[in-house]
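Residues in the sequence shown are numbered consecutively from 8, following this note's numbering.
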Amino acid sequence: MFVKKVVKYDSIEKSMIHKVRNTVFTDEQGIPSEIDFDGLDSTALHALIYIDKIAIGTGRMLNDGHIGRISILKEHRGLGLGAELVKALVESAKENSYERVYLGAQKHAIKFYEKLGFKTFGDGYVEAGIEHMSMEKALV
Numbered sequence: 008m009f010v011k012k013v014v015k016y017d018s019i020e021k022s023m024i025h026k027v028r029n030t031v032f033t034d035e036q037g038i039p040s041e042i043d044f045d046g047l048d049s050t051a052l053h054a055l056i057y058i059d060k061i062a063i064g065t066g067r068m069l070n071d072g073h074i075g076r077i078s079i080l081k082e083h084r085g086l087g088l089g090a091e092l093v094k095a096l097v098e099s100a101k102e103n104s105y106e107r108v109y110l111g112a113q114k115h116a117i118k119f120y121e122k123l124g125f126k127t128f129g130d131g132y133v134e135a136g137i138e139h140m141s142m143e144k145a146l147v
């Protein structure tokens, strides 16, 4: 059984956010931590997923509805937990009366986000050496 919650960055969970993101983005994908930790976390809302009180996934949403940094530790992937993170952030966006949420999906994750109601827009781009596509979901 998992537990999910949405928190501010200055919460006690900050170290757990760092641990998950460092493991997924820096260690696995080779993204420099200075790109991942871009200075925007302090104003973002962060979703966390726990199993047995251990954070195994995280994601964030900036104040303009931009969702990003969705990450699940490798051994817990394929269980629908990434979708739970996105749903928690979308629900927070609705509670804050956002008209839409948007994100930059790594190419391999486009189908994942499409299943959650996101649609592609614009041209693809490369960030940190990885191909991405812009996606959005209307909330009104």
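Even for Gly, the Cβ is constructed at its ideal location relative to N, Cα and C.
{"Query": "Which stretch, first to last residue, makes up the beta strand (DSSP E) that contains V108?", "Result": "107-113"}
{"Query": "Between A51 and R67, how many whole angstroms is the CB-CB distance? I'm expecting something under 8 angstroms.", "Result": "4 angstroms"}
{"Query": "Check whether the Cβ atoms of K101 and L55 sit closer than 7 angstroms, and answer yes or no.", "Result": "no"}
{"Query": "Quick one, which of T30, V31, G129, V14 has its alpha-carbon nearest L69's?", "Result": "V14"}
{"Query": "Let me check one thing: in DSSP terms, what residues is Y13 bridge-paired to?", "Result": "It is Val, not Tyr, that sits at residue 13 in the sequence shown. For V13, which the question treats as bridged, DSSP gives the partners A54."}
{"Query": "Comparing alpha-carbon positions, which option in N103, V10, L92, N29 lies nearest D45?", "Result": "N29"}
{"Query": "Could you pull out every residue in the same chain whose Cβ sits closer than 6 angstroms to the Cβ of S99, ignoring the five residues on either side in sequence?", "Result": "V13, L52"}
{"Query": "Compute the Euclidean distance between the alpha carbons of V133 and H139, then round it to the nearest angstrom.", "Result": "6 angstroms"}
{"Query": "Can the beta-carbon of A112 be found closer than 7 angstroms to that of Y105?", "Result": "no"}
{"Query": "For V10, which of R107, D43, G87, L110 has the nearest alpha-carbon?", "Result": "G87"}
{"Query": "Would you list, in sequence order, the uninterrupted alpha helix (DSSP H) runs of no fewer than 4 residues that lie entirely inside the segment 35-99?", "Result": "40-43"}
{"Query": "Does DSSP put A135 in a helix, a strand or coil?", "Result": "coil"}
{"Query": "To which residues of the same chain is H115 closer than 7 angstroms at the C-beta, ignoring the five residues directly before and after it?", "Result": "none"}
{"Query": "Count the other CB atoms within 10 Å of the CB of E35; is the residue buried (16 or more) or exposed (fewer)?", "Result": "exposed"}
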